[in-house]
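Per the UniProt record's numbering, the sequence shown starts with residue 1, numbered consecutively. Ideal Cβ placement from N, Cα and C applies to all residues, glycine included. Note that the structure is a prediction, hence the values are computed from the model and not measured.
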Amino acid sequence: MCNLSNFYYIMEELDLIVESVKQDMDAAIKHLDHAFQRIRAGRASTSMVQDVMVEYYGALTPLNQVANVSIPDAMTISIQPWDRTAINAIEKAIINSNLGFAPSNNGENIILNVPPLTEERRRELAKQAKAETEDTKIVVRNARQNGLKELKKLDGVSEDLVKGIEADIQELTDKYVKACDDHLKVKDAEIMKV
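Set out below in structure tokens:
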């Protein structure tokens, strides 16, 4: 009876290791998606300014918590602060965020004109997307390595069982690396589309 409970304990540990690896890889893909949202591809989008932090009453606050961000047309982002005294802080935060926008302020709201992408800028954005993808692949591979290390720490596990779990982890790794490449193809096509 003792062997059976030990077997179930080992199987549970193995499942936890595989699940942990999968969660880490899912998080890496989510991060890649978030990074891709920040890489603009020609059209105006509220996601272009979602990471802008505004110094508001001494605290760094996300832009969407101090202003209404909208897209009046395909090439314009409109930012209307709820508190007019924050307009200069918002403008400063946009300039400091290195998004490549020159904000224009009319006293009530800030307008960001999204310039059409030049061929050179498209290539830069494609390189940036490729770099983000490579970083994500590294995170996926590190998750694999961590899973394999945890596997090696377990005592009393048969070699066949370990090999099977190693194969499962490698299969997950291959799946997520392919997902990274697929995401890059879609983003690349979006960036290069004129």
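Among the options, nearest to residue i - alpha-carbon criterion
i    : options                  : result
E132 : D24, A86 and D181        : D181
G100 : L14, E91 and I169        : E91
Y8   : G156, I191 and D135      : G156
K137 : L32, Q23 and I10         : L32
M192 : L125, A35 and I10        : L125
P115 : E108, N106 and A102      : A102
K127 : A189, V54, V49 and E13   : A189
G107 : S97, E12, N113 and P81   : P81
Q23  : H183, K187 and I169      : I169
N68  : L184, E19 and T46        : T46
S97  : A86, I79, D51 and N64    : D51
H183 : A93, E134 and L63        : E134
T76  : N109, V66 and L63        : N109
T61  : V49, I71, S70 and P72    : V49
H34  : L112, A129, G164 and I94 : A129
R84  : V66, G58, N146 and K30   : V66
A59  : N105, A89 and A74        : A89
S70  : E19, N113 and E159       : N113
N146 : N6, V21, M11 and N105    : V21
Cβ distance (whole Å) where residue i is taken to contact residue j below 8 Å
i    : j    : result
I17  : L172 : So it is not a contact: roughly 11 Å between Cβ atoms.
A44  : V140 : Actually they are not in contact, since the Cβ atoms of A44 and V140 sit about 32 Å apart, beyond 8 Å.
L161 : L63  : About 51 Å separates the two Cβ atoms, so there is no contact after all.
I39  : S78  : At roughly 21 Å, the Cβ-Cβ gap does not stay under 8 Å, so I39 and S78 are not in contact.
Environment of residue i [buried if 16+ CB atoms lie within 10 Å]
i           : result
R144        : buried
M25         : buried
K149        : exposed
residue 201 : A query on residue 201 cannot be resolved here, the shown segment of the chain reaching from 1 to 194 and no further.
Y176        : buried
V54         : buried
K178        : exposed
K187        : buried
I94         : buried
A74         : exposed
Residue i beta carbon near the ligand NAP (any heavy atom closer than 7 Å)
i    : result
K175 : Of ligands this structure carries none, so the ligand NAP is not represented either.
3-residue-minimum beta strand (DSSP E) runs that sit fully inside the UniProt domain "Ribosome recycling factor" (33-192), ordered along the chain: 53-56, 59-62, 67-73, 76-81 and 110-113
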